[in-house]
Every structure is written in C-alpha cells, then in structure tokens.
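*Asks:* Quick one: the structure is below, questions incoming.
2 protein chains.
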Amino acid sequence: MEGSIARPAFHSRSLDLPAARAYAARVLERFGTSPENAAVTADALMRAEADGLGTHGLTRLPSYGAMAAAGKIDGHAVPKMRRVAPSVLAVDAGNGFAYPALALGLPALAGMARASGIALMAVRRSSHFGVAGQPVEALAHEGLVGLAFSNAPAAIAPWGGKRPVFGTNPIAFATPLKGRAPAVVDLSVAKVARGNILAAVQRGEAAIPEGWALDSEGNPTTDAKAGLAGTMVPMGEAKGTALAFVIEVMAAALTASTFALDAPSFFDGDGPPAAVGHVVIAINPGAVAGDAYLDHLERLALAIESEPGARLPGTRRLFNRERAAREGVTLSAGVQRALAQMGFVDTTD
Amino acid sequence: MEGSIARPAFHSRSLDLPAARAYAARVLERFGTSPENAAVTADALMRAEADGLGTHGLTRLPSYGAMAAAGKIDGHAVPKMRRVAPSVLAVDAGNGFAYPALALGLPALAGMARASGIALMAVRRSSHFGVAGQPVEALAHEGLVGLAFSNAPAAIAPWGGKRPVFGTNPIAFATPLKGRAPAVVDLSVAKVARGNILAAVQRGEAAIPEGWALDSEGNPTTDAKAGLAGTMVPMGEAKGTALAFVIEVMAAALTASTFALDAPSFFDGDGPPAAVGHVVIAINPGAVAGDAYLDHLERLALAIESEPGARLPGTRRLFNRERAAREGVTLSAGVQRALAQMGFVDTTD
Chain A
1 MEGSIARPAF HSRSLDLPAA RAYAARVLER FGTSPENAAV TADALMRAEA
51 DGLGTHGLTR LPSYGAMAAA GKIDGHAVPK MRRVAPSVLA VDAGNGFAYP
101 ALALGLPALA GMARASGIAL MAVRRSSHFG VAGQPVEALA HEGLVGLAFS
151 NAPAAIAPWG GKRPVFGTNP IAFATPLKGR APAVVDLSVA KVARGNILAA
201 VQRGEAAIPE GWALDSEGNP TTDAKAGLAG TMVPMGEAKG TALAFVIEVM
251 AAALTASTFA LDAPSFFDGD GPPAAVGHVV IAINPGAVAG DAYLDHLERL
301 ALAIESEPGA RLPGTRRLFN RERAAREGVT LSAGVQRALA QMGFVDTTD
Chain B
1001 MEGSIARPAF HSRSLDLPAA RAYAARVLER FGTSPENAAV TADALMRAEA
1051 DGLGTHGLTR LPSYGAMAAA GKIDGHAVPK MRRVAPSVLA VDAGNGFAYP
1101 ALALGLPALA GMARASGIAL MAVRRSSHFG VAGQPVEALA HEGLVGLAFS
1151 NAPAAIAPWG GKRPVFGTNP IAFATPLKGR APAVVDLSVA KVARGNILAA
1201 VQRGEAAIPE GWALDSEGNP TTDAKAGLAG TMVPMGEAKG TALAFVIEVM
1251 AAALTASTFA LDAPSFFDGD GPPAAVGHVV IAINPGAVAG DAYLDHLERL
1301 ALAIESEPGA RLPGTRRLFN RERAAREGVT LSAGVQRALA QMGFVDTTD
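Order-wise, the sequence lines are chains A and B. Numbering follows our numbering, with no gaps: position 161 of the first sequence is 161. Numbering follows our numbering, with no gaps: position 52 of the second sequence is 1052.
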C-alpha cells in the first residue's frame, strides 16, 4: 500500500463536469479552504476547463493549493460587501480566492445596475481573477452589459522600457444577444499568455516563436528562458501597453489595491497575499436603448456572422462548453502528480 | 479683385491659438453653423491641432464645412439632455456636431458621478467624435476618471472576414494624477489611422507600408488604392477586432445609434446624417480609494517614468500643447485652397 502511494502511476483521466468540480473542491479543501469557498472556486475552474481555457482550469489546482496551504490565499476568508456610493459596491475579498468575493457581489451589482442604469463593483484584497469573461457573462445572462478589469503580477514593460510594470491584465466584456448565448470578449493585453513560455520551459524546449517575449534588456528574444526572465510583448505594441495602463488604473488604483509591479506570483505560496483588485461594471442596456436593444444589436451580430470565416466573440468557448458537457474534461497526469507531491491523496479514487 | 480671388496663391500660415480658433469658427459659420456651435467646435479643432493630432484638427474644416452645408450635420442643432436613470444621462445631439452635445452633457455627467460614484452619458444622433481624449481629459481635470467610446464609419473587417463592419472606433481613458496634468490614453483600434492611406493616395503615392491594410479580398496589401478600397488592419490582430466589437456595442448599441456598417462618411456631404453614438463614463475615484487615490496612483506613475525610454500616456500631447501655446499652429495651404474652392473667402485676411 505504501509503495503504491509512494510511486503511483498517474494517467490522464476523463472526468464528467460534476466529477471535475468535485475533484477540484476536494483538492482545495485538502489545502485549507472552507467547503463554501472550495465549491465556488472549483465551479469556476471546472467551467474554465469546459470552455477550453485550460490555463485557468484544473492546472491551477497545484498553485491554488500551494497558496492556500501557505496562507497566501486565505481559504477560509469570508468576503464582505458594502455599498459605498449609490452606484458603487465595495467588496473586500479578505485575501481569499477571488471567486467567492465575485459570487457575493455580482447579484447586488446587478440589482444596483438595474436601479441606477450603471453600477461599479470594486473588489480588493483579492487574488487571481480567473477567467475574466465569467463574471461579465453572468451579468449578460441577467440582461446586463458587463465590463471587467483585473490586474496581475507584472509581466509587461511600459512601451520603450525594460522592466515589467504591468500585468498581462485582462479586460472582459459581455452583452446579451437576442435569443442566444451572450457575446463574450475576454482578452489579455499580452500578445500571448505567459503560460505558453512557462510551458515551453517546463517541456525543456529552448526556443519560443518570435514576437512573444523580450529579454531583460528589452530586446526581442526567441530564447524561452530569456523570455521568462524578461517581459511579454504586448498586443498591438504601444497601444497594448496603453491599454495595460488603463486596466491597471481601473483594477488597482480605483480599488486601492496592489499594483502589478508589487504583486507576488499567483503560482506559488511564497510572499504575502497578492491583494490585487478587480473592477466589474454593469450597465442596463435598456436605460437608453429601451426594449429595442437586442433587436438593434442583432443587426451587428448578423453582419459579423455573414462574413465567411468570422464569428461572434466567445463562439469557440460555447463550442467547447457543449463538447465538454457531452464528453467531460481531462485531468492531466501532471496535475495529479504535482498534487500527489504536495501530499494530496484522492481518497475517492 | 475678382482675379485675385479666382487664382489666389495659398501659403501655409502660422496662427496663434486664438487666431486658429477664430479662423475655424468663421469657416464653420460660413457653411451654416450657429455661432455657439461654431465656437465649441472650433475650440475642439484648435486644441486637437495644438496637441499635434492634425488628423482631427484644422484639416477637418473642409469636410466639416461640406457636411454642414449639405445638412448632413445640422450646424444649428441644439443638443438636449435628459436623465433617463439615476446614473445615466441621455444626450440627443440633434444630428449636429458632437462637440456641443459633449459640452452640454459633461458638467451634468460629472455632477452625477460625484453623487453616484459612477455615471454614464449616452450621446446619440451625433457625428464625428473628434479627439476621444478631450472629454475624458476634461473629466480628469474635474478629479474624475473617464472612459469614452465612439463608433465611426466601417473600416475594419471582423477577424477572418473581408468586408468592413467595425469603425476605427476609438477608446479613451483619463485619470487625474498628483500635482500634474492628467494621464490620457486615446487609441483607435486600427493599427494606423485610415487618414494615412488617404494622405498617401492624395500625394499620388502608389505604395503603403506592409501591415497597414487588407485589400477587398482580405489579403495584406501595400497598394494604397487597394488598401483604401479594402479594410484597415486592426491593432493586435484578432484581439483588436474583439476590442472593436466592445467599442461598437458600447457606443452604438447602448445608445441606439447607427452601426459603423451603416454609417456614411465623415469626409463629405453625401448621404444622411451619420447618427453615430458615443458613450462617456465618469467615475469618482474617491468612492472606494478615498483621498489616497492620487498618492497611490503616483507609485505606478513613478514606476513608469523610472524606465528610461518610457513615459506616461498623453505626454507627447502635453509637449506639443506647450509648444503650440508658444509658437502657434500651422494652417496649411491645402486646407485654405480646399475651403476657397468651396467658396470660403476669409474676409479678415
């Protein structure tokens, strides 16, 4: 028995969605997360995995577990919210996971937006935002337009500079559409996700494609390790860093949170709580456009879809989601191995 | 006398800022704009010119004049505003110039943002937005954070498509900074402004640089005329068109306005009023961050400025503005010639 635990053979496994969520919740609870927080966080990871957004799915479990175990994320945090102005909701995530704080605040935000036409939720003392499209998609399912901003540990230099100042800060947007799933935009200001370089290094690959990263002197590099030690190339060059600035101010300055340049990694248990911030804005599209909003927007949606090769933002996620509902998702051997090395033994196996 | 009017020699002239503004106002009034609307519009064009944003400065006078003369823009429109929800202001530009509508709404928007924490201004039945950074910079001078969105005639295809659906839609952002001018981000989702291709064609140049435009089949082109007949390359490839979608929905769908794909040109008097839309969001940064906002943000500002070669967004405009205040701006021979051909004789010369 001891031998089989000491040298287990891990194989990638296919899990249906409830099983994937339950697995993630068990992991999180094992490393010191309350059942309530684990359930909300596991659900978000499962949905990311189902949508084909693997970098924000089950692969996060070892790092989330490490952060919870170290107290860098307080798995038992109880988020609190307070309406600090008629159209502004402040949510204190208590240095816990972002997801419980978002889940607490979103229904209140939606109610405020319906009443005021627009409302803003400022989340502080938070950690990894997860899939930025998730909270805005939830608002769109409530008939609201959503905009979300988050910052993250520094990875992008100001245009012309060498040292990272901005995170790969995501901006997300969603709008309801007529008689179908919402359109969801979710983009990082990095040209490609930093996770791609990390994965190349972990696979032992020396080279990365041109245009992904700059070395620590600010010069383009195809050396994976030099890229990891340097900065990520922003989307759209100078315009991308300008957008990163916008997101950094919206997410971290408005919420009195840690700036990207001071934020510790989301990948290990070292250092203090990240205490980064998120801002979610909800807008009632009927406030000005009235009941005609969905019909009017349909003209734009159909024009996009009439272009062969083009599609509405978020279409691929929906396709992946439908497939995952039928076929489940994959729990990789690597994630299981990493968790086992951290002492997680899945007793339900 | 008649001979000198028929074949005048035009030379570029240097005008101080009040003279440039007065000249622009005379042009606008000559082509059918009320003195009030002409004054506000001329001021915005003068400030664009002073900031070094020539494509939105005095070069717009012939096209603005043509649109006013044709009634495509109603130079005598009187914008109206109405608070349609506690935090939403609807402004009807009356198919006039955008600037008087923005000037009417901005003070009310600022007051609403101070009271509610966040407020949204939806401008409809409008025309060319002008420099998107101007209204948000005005908010920042009032101590508020501003976000602005506008749509414009279609020039960018959905990613993978061939026909233009999105405008070169601008997004702008400004925040107050501690003890100095606000930081202002103002970017179009086109990689380069379409005006650069137009200028190349007007100069008789056959070629444009790679990466600016796609031909009408969606293929990259360096042929200036093919690029003008095709679409503009978005910043950041697919991410740029996703951002264009966000801006299109924010500016046109929320305001029940004409989508880019249906909008007539801003450069001639042909067709109906554009009736495009703008959205400006104002946020009170003190609602969550309190009085510490400016001090906190200064940490980010100094980190950016500490990188050799990097600078805060909007720095170049401020430099240009200071120079223009000392040295004035240039009124080109071409603008004077185009206006003369339209029958504008500047009686103050």
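Think of the CB as a built atom: it goes at the ideal place given N, C-alpha and C, for glycine as much as any other residue.
1. What is the DSSP secondary structure of B/LYS1162, counted as helix, strand or coil?
2. Distance cutoff 8 angstroms, beta carbons only. Does B/THR1255 sit that close to anything in chain A?
3. Cα separation between B/ALA1132 and B/VAL1279?
4. Given a threshold of 16 other Cβ atoms within 10 Å of its Cβ, counted over all protein chains shown, does A/LEU17 qualify as buried or as exposed?
5. Taking Cβ-Cβ distances shorter than 8 angstroms, what residues in chain B pair up with A/TRP212?
6. From the DSSP output, in three-state form, read off A/PRO285 for me.
7. Which residues does DSSP list as the beta-bridge partners of B/ILE1073?
8. When you check each C-beta in the stretch 1287-1298 of chain B against every C-beta of chain A, which residues fall closer than 8 angstroms?
9. Using beta carbons (cut-off 8 angstroms, strictly below), is B/PHE1173 in contact with chain A?
10. Would you say B/TRP1212 and B/LYS1191 are within 8 angstroms of each other, going by their C-beta atoms?
11. Would you please verify whether the beta carbon of B/LYS1225 is less than 8 angstroms from any beta carbon of chain A?
12. Would you kindly report the start and end of the unbroken alpha helix (DSSP H) that includes B/ILE1304?
13. In chain B, what lies closer than 7 angstroms to A/LEU120 by C-beta?
14. Below 6 angstroms CB to CB, which residues in the same chain sit around A/LEU318 once its five sequence neighbours on both sides are set aside?
15. Which of helix, strand or coil does DSSP assign to A/LYS239?
16. I'd like the list of long-range same chain contacts for A/GLY195, defined as Cβ closer than 7 angstroms, with 5 residues on each side in sequence excluded.
17. CB B/PHE1097 to CB B/ASN1151, shorter than 8 angstroms?
18. To the nearest whole angstrom, what separates the beta carbons of B/ALA1200 and B/ALA1174, a pair I think is in contact under 8 angstroms?
19. Buried or exposed: where does B/SER1004 fall if 16 or more other Cβ atoms within 10 Å of its Cβ makes it buried?
20. Name, in chain order, the residues that DSSP records as bridge partners for B/SER1150.
21. Rounding to the nearest angstrom, what Cα-Cα distance links B/ALA1154 and B/ALA1260 in this structure?
22. On a CA-only basis, which of A/PRO234, A/GLY105, A/ALA108, A/ALA148 is nearest A/GLY160? Give me that one, please.
23. Count the other CB atoms, across all protein chains shown, that sit within 10 Å of the CB of B/MET1001; report buried if there are 16 or more and exposed otherwise.
24. If we define contact as Cβ-Cβ less than 8 angstroms, is A/MET242 a contact residue for chain B?
25. Just grab the DSSP bridge partners of A/ALA85 for me.
26. Beta-carbon of B/MET1067 versus every beta-carbon of chain A: anything under 8 angstroms?
27. Within this structure, are the beta carbons of A/LEU89 and A/ILE281 separated by less than 8 angstroms?
28. If you draw a straight line from the alpha carbon of A/LEU243 to that of A/VAL189, how long is it in whole angstroms?
29. Does the beta-carbon of A/PRO158 have 16 or more other beta-carbons within 10 angstroms, so that it is buried, or is it exposed?
30. Show which residues of chain B have a CB atom less than 9 angstroms away from the CB atom of A/PHE319.
31. Quick check on this structure: which residue in A/VAL165, A/ASP43, A/MET112, A/PHE149 has the alpha carbon closest to the alpha carbon of B/LEU1312?
32. Would DSSP call A/ILE208 helix, strand or coil?
33. Give me the Cα-Cα distance between B/ALA1068 and B/PHE1031, rounded to the nearest whole angstrom.
34. Does A/GLY160 have its Cβ less than 8 angstroms from a Cβ in chain B?
35. Per DSSP, what are the beta-bridge partners of A/VAL184 in this structure?
36. What distance in whole Å lies between the Cβ atoms of A/ALA66 and A/MET46, which are believed to be in contact at a cut-off of 8 angstroms?
*Replies:* The short version:
1. coil
2. yes
3. 10 angstroms
4. buried
5. Within 8 angstroms Cβ-Cβ: nothing; A/TRP212 doesn't reach chain B, min ~14 angstroms.
6. coil
7. In the DSSP output, where bridge partners are listed per residue, B/ILE1073 has none listed.
8. ALA1287, VAL1288, ALA1289, GLY1290, ALA1292, TYR1293, HIS1296, LEU1297
9. yes
10. yes
11. no
12. 1293-1305
13. GLY1117, ILE1118, ILE1283
14. ALA181
15. helix
16. THR55
17. no
18. Between B/ALA1174 and B/ALA1200 the Cβ distance is about 31 angstroms, and since that is not below 8 angstroms, they are no contact.
19. Since pLDDT at B/SER1004 reaches only 48, below the 50 mark, its modelled position is unreliable, and no value is offered.
20. B/HIS1278
21. 5 angstroms
22. A/PRO234
23. Unreliable placement is indicated for B/MET1001, whose pLDDT of 42 sits below 50; the coordinate value is still reported in the next sentence. The residue is exposed, with fewer than 16 neighbouring Cβ atoms inside 10 Å.
24. Correcting the residue type first, residue 242 of chain A is Ala in the shown sequence and not Met. Yes, contact with chain B.
25. A/VAL88
26. no
27. no
28. 7 angstroms
29. buried
30. Within 9 angstroms Cβ-Cβ: nothing; A/PHE319 doesn't reach chain B, min ~15 angstroms.
31. A/VAL165
32. coil
33. 6 angstroms
34. yes
35. A/ALA174
36. Incorrect: roughly 20 angstroms between the Cβ atoms, too far for contact.
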